[in-house]
C-alpha cells in the first residue's frame, strides 16, 4: 500500500535500516558456503525444528501425498535419516516416493524452513519498530497475518519493503516538509457519491483477467543484495548470473532481487492504497493578488513537466529557504521523489507487475559482435517469445553466450499493459492541473524503479529454472555413466595405445589384480600380418577373450588395427571400447602411485582400462567426477550446485549397488550413505587387522554410532558371515520378520535364500506388511546380494572388412556406444567409422536428451535404417529379441560360437603359403579343409556346409525382409477398408 507522509522526525518515522540479506552465520541456500555445509546426505541431520502446518500442507499438495505422510517424512528427515535409507527401507512411511523425489522434497523443505526463519526475523524487526513509535506497542494484526500467510520469498520482501529506510534524497525531502505537497498532488477531486475533497486515500489497481493466469514459479530463498549498493549488485547479477546482461541497472537502494516465487495466480479484490496523511508543515495560502504564471521548466527530477498555474500555486506554498526549499521547482522535485518512492515500495503493485511480467514478458536477444563471429550461437538471435515458453537449455545457451560477451538479453513488456496499473496506484480522479504530472511520475517510477527491480527477480527465477533443468539432466547422465553395465569377474586385458600407436598390454585377473608382466608391441608402423604372431603368443597363455581400449578418437586407428589382427588370427576375442574420462588424471595422482607403485603411468592406464571394463562404478569413484565430461551444462551451473549434484548422484548409485565390506576400497566406502571419509577410514584400518565376520561387529566394537549404523548397514554386505542374511540387502532390523516369514513357509534361512519359491504360501497381510516392502523382501530372498546392474554381454560386431554399403535395411546389428550427446549417440559396429543413432530413434517414448538413457561402453542392439549415407543410421526401436545358439561369456556356458577359451580364443597363426591353383595371386590363408574349395574358416559358401534354413547371420532367426513386410502391413492398416469394400460390392 502507498505509504502516507511520515512524521518529519526521521528518528521516529524511519527506524534504522535493516539488511535484507541474512545475518552472518545464518543459513543461506544460495551461497556456496551453505551448499557445502548441507550437501552431505540428509541436510536435516542437525535440524530439530518441527515444520509448521502451512509448510506441511504446501509440501503435501506439491508432491501429491497425504499431509500425514508429509509430516512423517519431515520428522524422519529431522531425526537424521538419509534419503537412500528412506527410499529403500522406509517406503511405507514415505508413500513409496522415489529417491529423486525424496531429494526434491528435502530441498523444498529446506527452502520452506529458510522462509520461516526469514519470516521470524522480519516479524521481530517489525515488532521492535512498532515499540519504538509513540503510541504503538505491537504490530498490526493484519500486517502480521499477511506476513505469516505469505508463501513466496519475493512477496515477503515486498511486504517488508515499506518499513525500510528510504533513500537519502527522499528522507531529505520528508525532513523539509514536502510530504504534504506530495499528498496534495495526488488528492482526489470530490465527486458525487465519491470521496471528499482533501482525502488522500485511493484504491489500488484491481487485478484484471490477465492476472489470473499468472505463471507459478518455484519459490527460492536467495538473499538480496546489500541496500547500500543495490544498484551495483543488481548490475553484477544481471551480467554474471542473470539471463541477460543488458538490463537497466536498478535505481532503488532497497531492491529485492530474490530468485523465485510460488504465488497464486489469482489477484485479490481491490485493496486500499494509502496516498498518505499530511505532514507537519501545512501549506499556507499564497499572497492575495499574486498568481504564478505558467512557466515551462525543462526538467524536474528528470521529468519534463509543464508548470501550470495551479501547480505553481501549490508549490509556492511550500517554498521555505530556511529548510532548503528555495524555489517552487525545489519543492516540486522533492514531492516527485516522495511519490516515486511510494510507488516503488507498494507491495501490491510490485506483486501485480511481477505476475504480469512473468506472463507477458518477452526475451529479446541482440548481438554484441558481428553475426558471422557468433558461430553456433547464431541461432540464439532468433529467440523472441514469452519468457514462460523459453526452454531451460535455451536459457543455458544464452547464459553461456553472455559469458562469452557475444549476445545481450533483455526482458521487455508492453508498457501499455502495465502503465495503467501504476497510474491507478498513484491515485484516481486527480485534478486536471496535476494529471500530466501524475502521468510523468508513474512513467518514471515504472521505468526507473519498478521494472528494473522486478526484472531482476524474474531473471533470477529464469536462472534457477534453467539450473534445475540442467541439474536434472546432468544427474541423469552421471547416474547412467556410474551404472554402466559391468563385465563382472572375468579376466581381461587392458590395451593402452600411445601417440605412436604402439600397444602396452596388461592382463588382470578376475579380482582386477595385474598378473604376469607387461606386453609391449610396436604396432605403430607395423603391418597387420606382422602383428599376428606377437599378439597371439603373448595372450594365448592368459586365456583372456576381452581386450579393453580407450573410446577416445585418437585411439580408433589402434582399435581397428587390433581387430584386424584378431581377425587374421581367426580368434574369437573381442575388443571393447571403455570410457576413459578422467583416467589419465588418476594415473598421475598420488592415490594411483600408492596403489600401483611398481607400474609406470601408461601401465596404470592400461590396468585402469581393464578394471573399468570389469566394474566401472568402482573405478569411476577413484577419479575426480568433475573430469567425466558430463556436458556443457556442467560449466554453466554454479559450483555449489555441481557439488550437490555429484554428491547426490554418487550416493544414490552406491546405495543402489551396495558393496562387500571386506573388499570395497576406501574410495567406494566413503560414499556409502551415513559413513563419510573418517568412518570409512576407520573401517578400512580395522579390516586390515582382520576381516569382518558379521554386521554386528560394527556396532559391538563401537565403530559406528547408532545413526551411522542404521543408515549404512543395509548397503554393506559381508559374505561368509555366520548370519546368512548379512550377505543380502536386507536391513538387520528386518531379520526377525524375515525369519518368521521363512519359517511360515516351512523352510530354513539357508534353504530359502536363492530360491524363487522361498516365500510361497506366505500371506502378506498376516505380517502387516505394505506391498512395497513385501516385494523388496521377496526379491532379495529370491536373488540374495544380486548386483542390480545389467551384465555386459559379448557383442557380435561386424568384421572389420565389411563394406557398410552392403548392409540391408532393418538388418539387426550389435554395437558399442562410443559417444553420447544431447542429440543422439555414436556407436561402434566394428568398422572404421562409427554409426549414429538419433535421439528420436532411441526409444518409443519421447526422449529429450540421449545422455539420460545411454552411456559410453554400453552394448546395444539396433536396426539399420540407412547405410547409403556418410554414416550408417541406426535405430534402437522395435529391435527383435536376441535368439542365439549356445554360447556365452562364462567359463561353463557351453562351447558355442562365443564359448571358446584359451588356445581356441587365440589359435595358432599359419603363415600364408603358395596355392597358385586356388587363387590368382597365389596366396591363401588358414588351414585347408577337405570339404572346402575356397579360403576362409567360416562355414557356408560354395561347396561347404550351409547354415540352417531358419538361421541368419550370427545365429539369429530374424529376416529383414519379414520385418519390412510386417512394418508395411501395420502402417497400411485401415479399419474402414472392409466397410468400403462391402459397400462397393453391394452397390454393384
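Residue numbers (my numbering): 35 to 1022.
Idealized CB from N, CA, C, for every residue including glycine.
Computed from a predicted structure; not experimentally measured.
Residue environment, residue i, which counts as buried when at least 16 other CB atoms sit within 10 Å
i	result
residue 276	With a pLDDT of 40 at residue 276, under the threshold of 50, the modelled position of this residue cannot be trusted, and the question is left open.
residue 880	exposed
residue 403	exposed
residue 792	buried
residue 711	exposed
residue 571	exposed
residue 661	exposed
residue 584	buried
residue 840	exposed
residue 147	buried
residue 411	buried
residue 593	buried
residue 763	buried
residue 805	exposed
residue 202	exposed
residue 358	exposed
residue 360	exposed
Residues near residue i in its chain [Cβ-Cβ closer than 6 Å; skip 5 each side]
i	result
residue 161	173
residue 528	540, 582, 640, 641, 643, 644
residue 503	426
residue 472	460, 464
Residues of its chain near residue i, where Cβ-Cβ distance is below 8 Å and the 5 sequence neighbours each way are ignored
i	result
residue 752	694, 695, 696, 726, 727, 728, 729, 760, 761
residue 90	101, 104, 105, 108
residue 861	849, 850, 851, 852, 868, 869, 870, 871, 894, 896, 908
residue 824	519
Among the options, the one whose alpha carbon lies nearest that of residue i
i	options	result
residue 149	129, 165, 190, 175	190
residue 650	795, 516, 783	516
residue 703	655, 722, 433, 744	655
residue 822	781, 690, 808	690
residue 144	123, 111, 126, 362	111
residue 340	622, 130, 362, 536	362
residue 856	840, 837, 885	885
residue 350	218, 912, 669, 555	218
residue 577	597, 596, 456, 549	549
residue 440	469, 452, 409	409
residue 486	457, 810, 384, 98	384
residue 444	457, 466, 417	417
residue 672	497, 824, 745	497
residue 559	531, 543, 580	531
residue 209	372, 522, 797, 765	372
residue 612	891, 905, 903	891
residue 812	406, 825, 789, 830	789
Extent of the continuous alpha helix (DSSP H) run through residue i
i	result
residue 726	Counting along the chain, residue 726 falls outside any alpha helix (DSSP H), and DSSP gives it neither H nor E.
residue 684	673-691
residue 427	426-437
residue 140	133-166
residue 820	Where residue 820 is concerned, there is no enclosing alpha helix (DSSP H), given that its DSSP letter is neither H nor E.
residue 126	Per DSSP, residue 126 belongs to no alpha helix (DSSP H) and is neither H nor E.
residue 393	381-394
residue 858	It is not in any alpha helix (DSSP H) - residue 858 instead sits in the beta strand (DSSP E) that spans 858-862.
residue 450	449-460
residue 872	Segment 869-872 is the beta strand (DSSP E) holding residue 872; no alpha helix (DSSP H) there.
residue 913	Careful: residue 913 lies outside any alpha helix (DSSP H) and carries neither H nor E.
Limits of the beta strand (DSSP E) - the one that residue i falls within
i	result
residue 528	526-531
residue 108	Unbroken run through residue 108 is the alpha helix (DSSP H), 101-112; no beta strand (DSSP E).
residue 557	Run containing residue 557: none; DSSP gives neither H nor E here.
residue 909	907-909
residue 897	893-900
Sequence-distant residues of its chain with Cβ nearer than 7 Å to residue i (five each side left out)
i	result
residue 638	621, 626, 630
Segments of 4+ residues assigned as alpha helix (DSSP H) that fall wholly inside the stretch 727-810:
Listed in chain order, they are 730-734, 740-746, 769-779, 783-786.
Quick check on the DSSP output: what are the complete alpha helix (DSSP H) runs of length 4 or more inside the stretch 568-612, in order along the chain?
Assignment of alpha helix (DSSP H) within the stretch 568-612, counting only whole runs of 4 or more residues, yields 590-603 in chain order.
To test your reading of the DSSP string, which unbroken alpha helix (DSSP H) runs of 4 or more residues are found completely within the stretch 612-648?
For the stretch 612-648, the full-length alpha helix (DSSP H) segments reaching 4 residues or more read 617-621, 624-629, 635-648 along the chain.
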